[in-house]
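Counting from 1 along the sequence shown, just add 11 to a position and that's the residue number in this note's numbering. Positions of the beta carbon are idealized from the N, C-alpha and C atoms, including for glycine.
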Amino acid sequence: MEIARTVEKPQVQIVPAGQKHLYSIASMTERYFPYANFSFDEVKRRVANPYIRYLVAIVGGFTAGFVDFELKEDRGQILGLAVLEEHRGRGIGEMLARSALGEIVESGRQRAELLVAADNAPAISLYEKVGFATVGKTNYQLWGKEVLVMVRK
Numbered sequence: 012m013e014i015a016r017t018v019e020k021p022q023v024q025i026v027p028a029g030q031k032h033l034y035s036i037a038s039m040t041e042r043y044f045p046y047a048n049f050s051f052d053e054v055k056r057r058v059a060n061p062y063i064r065y066l067v068a069i070v071g072g073f074t075a076g077f078v079d080f081e082l083k084e085d086r087g088q089i090l091g092l093a094v095l096e097e098h099r100g101r102g103i104g105e106m107l108a109r110s111a112l113g114e115i116v117e118s119g120r121q122r123a124e125l126l127v128a129a130d131n132a133p134a135i136s137l138y139e140k141v142g143f144a145t146v147g148k149t150n151y152q153l154w155g156k157e158v159l160v161m162v163r164k
């Protein structure tokens, strides 16, 4: 006799980052963006900065990922997006990117941009999926890598 099993996907909530998310954000920043060299205190300052916003993905009560973006005078700039390995492939990165873009548009900015390593195919694919297009390369390397400039209008 075969037993039917139901597997439920944990719900994902995208919420503004707060004090309780600082450790998770700092840990993921250190893991996925080591070149940024942000201390816990720097992450705390950035989360408190009204022009830099952080959104976090919550799965089962835990932080599974984050996106940070800056609201500049005429545009928004996605600064970083990370999802823990064990939560990848579930659409969380797309949810974070779309949520950030929604806030950028709601703030009155019609354009969003970002920088991404040219060899980061999964990130490039995600950004293209949410409407970004590569418009060029920086004339310098970052983190020892060629860097693409992507824009969404």
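Check your understanding: Nearest to Tyr34 by CA position, among Ile63, Gln22, Gly76, is which residue?
Key -> Gly76
Check your understanding: If we call anything under 8 Å between Cβ atoms a contact, is Arg86 one with Ala123?
Key -> yes
Check your understanding: Less than 8 Å separating the beta-carbons of Lys164 and Glu157?
Key -> no
Point to revise | From Val78, Glu97, Ala128, residue whose alpha carbon lies closest to that of Ile63 | key: Val78
Review point. Where do the N-terminal and C-terminal ends of the beta strand (DSSP E) with Arg122 fall, by residue?
Key: Neither: Arg122 is in no beta strand (DSSP E) and is coded neither H nor E.
Review point. For Val141, which of Ser118, Ile89, Asp130, Ala129 has the nearest alpha-carbon?
Key: Ile89
Point to revise | Three or more C-beta pairs below 8 Å linking the segment 31-51 and the segment 105-117 | key: no
Exercise for review: Inspect the beta-carbon positions of Met106 and Tyr138 and report whether they are closer than 8 Å.
Suggested key: no
Check your understanding: In chain order, which continuous runs of the beta strand (DSSP E) of length 3 or greater are located wholly inside the segment 55-91?
Key -> 63-70, 73-82
Exercise for review: List the whole-angstrom C-beta distance separating Gly91 from Phe51, where the pair is believed to meet the contact cut-off of C-beta under 8 Å.
Suggested key: About 16 Å; that fails the 8 Å criterion.
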